[in-house]
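>
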Amino acid sequence: MSSGDPGSRSGSADPPLQITPENCYELLTKAKRDGSEGDRNRVLRYMSDHYLQVLQTPALFGRLPAQDREQILAQRMEGRKVLAAAETCDVSDRGANRDSPQRAEPEDSTRRVFCLDPDTQRWEVLTVLPEEVPATGSGMCTLYNYLFVAGGQSRSKASDRVFCFNPRTGVWTRVRPLTEPRCQLRLVAADGFLYAVGGECLFTVERYDPRADRWTHVAPLPKGSFAVAHEATSCGGQLFVSGGSLFYRLLRFDSRRDEWDESPFNESRRRSTDMVAHRNLVFRFDVDRERAAVSVHRYSTVVKAWFGGASFPLQNPQPFRCAVLGDRIYCVNRNHVLQFEVLEEREGFLPEVLPAPADARGTLVPFVLALDRSCTANPNPYSRSLGTGWRCRTAARRCTEDGR
9 MSSGDPGSRS GSADPPLQIT PENCYELLTK AKRDGSEGDR NRVLRYMSDH
59 YLQVLQTPAL FGRLPAQDRE QILAQRMEGR KVLAAAETCD VSDRGANRDS
109 PQRAEPEDST RRVFCLDPDT QRWEVLTVLP EEVPATGSGM CTLYNYLFVA
159 GGQSRSKASD RVFCFNPRTG VWTRVRPLTE PRCQLRLVAA DGFLYAVGGE
209 CLFTVERYDP RADRWTHVAP LPKGSFAVAH EATSCGGQLF VSGGSLFYRL
259 LRFDSRRDEW DESPFNESRR RSTDMVAHRN LVFRFDVDRE RAAVSVHRYS
309 TVVKAWFGGA SFPLQNPQPF RCAVLGDRIY CVNRNHVLQF EVLEEREGFL
359 PEVLPAPADA RGTLVPFVLA LDRSCTANPN PYSRSLGTGW RCRTAARRCT
409 EDGR
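Each position in the sequence shown, counted from 1, maps to that position plus 8 in this note's numbering.
What follows is the structure in structure tokens.
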């Protein structure tokens, strides 16, 4: 391991620990036996930074006591949570502004992942998508503070490839491919699993177990539901799907019974622009260009009923994608970033409109990552300063097969 790895830091004159996946359990055991709290913390930090690799090693993760497992996952989620967005393109061009048509991008063009500095409100390039990621129709989401990208379409052919980005190390890796190629799928994290939901003319659903590193099929979407243009989100560990050709339907996946349940219908008859969850509510956003407004519908997973349907006037509203950070839902497209605040006493769009990444291409897919203020110990040629002291290494375009 290079000297720049967080696991090799040492605050004493002793040689730094050379931590690898093969020796980290022995080093942890030795540190506990010797009463070396510093070495113990360094090994646990290494395990946290390479969480997926540790999780998928039975001889390692399976031998850790519950306290250590909880600590490395908690450390994994530490850091300042920031809004991020990746450049991609939907086959349907659903994020495009019809008044200023989306430029056709060559399939081998660099697609960037940005993050928004909360202090300066400026977007910085965090990394770029590997060149192997298809140009259009991929699904994206985060799990355990990794960014996962699955499926997509490249040169008219659907892909089964899955990639993940580790912001702790700045490295992209390939993970287990989908059981079948998918384009226009929705990728959602729920209850510690990834779900690849549908796709263009696909009703099948598969679930990824990160510990077993395995995709398995679960119950398919009901026939006649959402062959394309569906939305999906998770709320309270449950998976919800809506949209598609039947705009008012909402389905909930019951993982215990491996069945889809029909939830109460929504009054909207418009195609939703996105659907996200905040606490125990599912928020559905519908853009109404004719009325220059955005309608917001809320579904309570507790009382199992829809509320609201409130309409918020917006000048020249355009389709957007959403991400939740704290008590705000960020509505992102290439033109700007709207902030929908959700408080107990009120909810609505804030007057402050944030800028979109400059010269962004295609459709922006937002998500949230936690960036560590001490992501690197030594200067790195791929490092990029991100505002007030936090940094993360930018990855090369080609991904690796390990190093998660």
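We put the CB at the ideal spot given by N, CA and C, even for glycine. Please read these numbers as outputs of a predicted model, since none were measured by experiment.
Out of N174, G160, E214 and R292, which has the shortest C-alpha to C-alpha gap to Y154?
Considering only alpha carbons, the answer is N174.
> May I ask you to verify whether the segment 66-81 touches the segment 312-323, counting CB pairs closer than 8 Å and requiring at least 3?
The segment 66-81 vs the segment 312-323: no contact.
> Distance check for Y152 and S382, CA to CA, integer angstroms please.
In this prediction, S382 has a pLDDT of 47, which is less than 50 and means its spatial position is unreliable; what the coordinates show is noted afterwards. Near 18 Å, if we compare the C-alpha coordinates of Y152 and S382.
> In chain order, what residues of the same chain lie with their CB nearer than 7 Å to the CB of L72, ignoring the 5 residues before and after it?
Correct list: empty, nothing qualifies.
> Tell me, to the nearest whole angstrom, how far the beta carbon of F293 is from that of S280; I am working on the premise that it is less than 8 Å.
Indeed, because the Cβ distance is near 6 Å, the residues count as touching under 8 Å.
> G46 lies in the alpha helix (DSSP H); which residues open and close that run?
Here the alpha helix (DSSP H) through G46 covers E45 to D57.
> Where R342 and V183 are concerned, what is the direct C-alpha to C-alpha distance, given to the nearest angstrom?
If you take the alpha carbons of R342 and V183, they lie about 30 Å apart.
> V361: buried (16+ other C-beta within 10 angstroms of its C-beta) or exposed?
The residue in question, V361, is exposed, as its Cβ has fewer than 16 Cβ neighbours within 10 Å.
> Going by beta carbon distance, what residues of the same chain come within less than 7 Å of F122, once the five residues before and after it are set aside?
Answer for F122: A92, A93, W131, E132, V133, L134 and P365, listed in chain order.
> First and last residue of the beta strand (DSSP E) that includes D262?
L258 to D262 is the extent of the beta strand (DSSP E) around D262.
> Considering only residues of the same chain and omitting the five flanking positions on each side of A198, which have a CB-CB separation below 7 Å?
Closer than 7 Å at Cβ, skipping near neighbours: S242, G245, Q246 and L247.
> State the CB to CB distance for the pair G206 and L186, rounded to an integer number of angstroms; the pair is presumed to be in contact (CB under 8 Å).
The pair is not a contact, with the Cβ atoms about 12 Å apart (cut-off 8 Å).
> Run through the DSSP bridge pairs and tell me what L377 is partnered with.
Answer by DSSP bridge pairing, in chain order: V90.
> Start and end of the beta strand (DSSP E) containing F156?
It spans Y154 to A158 - the beta strand (DSSP E) in which F156 sits, taken as one unbroken run.
> Using the beta-carbon count (16 or more within 10 Å), is H238 buried or exposed?
That one is buried.
> Is it buried or exposed for M148, if we count other Cβ within 10 angstroms and need 16 for buried?
The residue is buried, with at least 16 neighbouring Cβ atoms inside 10 Å.
> Roughly how many angstroms separate the alpha carbons of S413 and P142, rounded to a whole number?
No information on residue 413 is available, as it lies outside the stretch 9 to 412 that the chain covers here.
> Could you name the residues of the same chain whose beta carbon sits closer than 6 Å to that of Y307, not counting the 5 residues immediately before and after it, in chain order?
Result list for Y307: V290 and W314, in chain order.
> Per DSSP, R336 is paired with what?
R336 pairs with L333 and E349.
> Rounded to the nearest angstrom, what separates L63 and K312 at their Cα positions?
If I take the Cα positions, the gap works out to 35 Å.
> Where does K231 sit, in a helix, a strand or coil, going by DSSP?
Reduced to three states, the DSSP call for K231 is coil.
> Ordered along the chain, which non-local residues of its own chain (more than five positions away) have a Cβ less than 7 Å from that of S288?
Rather than Ser, the amino acid found at residue 288 in this sequence is Asn. The residues are C243, G244, S308, T309 and V310.
> According to DSSP, what are the bridge partners of E267?
In the DSSP output, where bridge partners are listed per residue, E267 has D262.
> Determine whether the Cβ of K231 lies closer than 9 Å to any Cβ atom of chain B.
Considering every chain present, this structure includes no chain B. It has just one protein chain.
> On the premise that A331 lies in contact with M85, defined as a C-beta separation below 8 Å, what is that separation, rounded to the nearest angstrom?
Not confirmed; about 16 Å, so no contact.
> Using a Cβ-Cβ cut-off of 8 Å (strictly less than) and excluding sequence neighbours within five positions of D168, which residues of its own chain qualify?
Within the same chain, D168 has close Cβ partners G159, P185, L186, T187, E188, P189 and R190.
> For E208 and A166, what's the separation of their Cα atoms in angstroms?
Near 9 Å, if we compare the C-alpha coordinates of A166 and E208.
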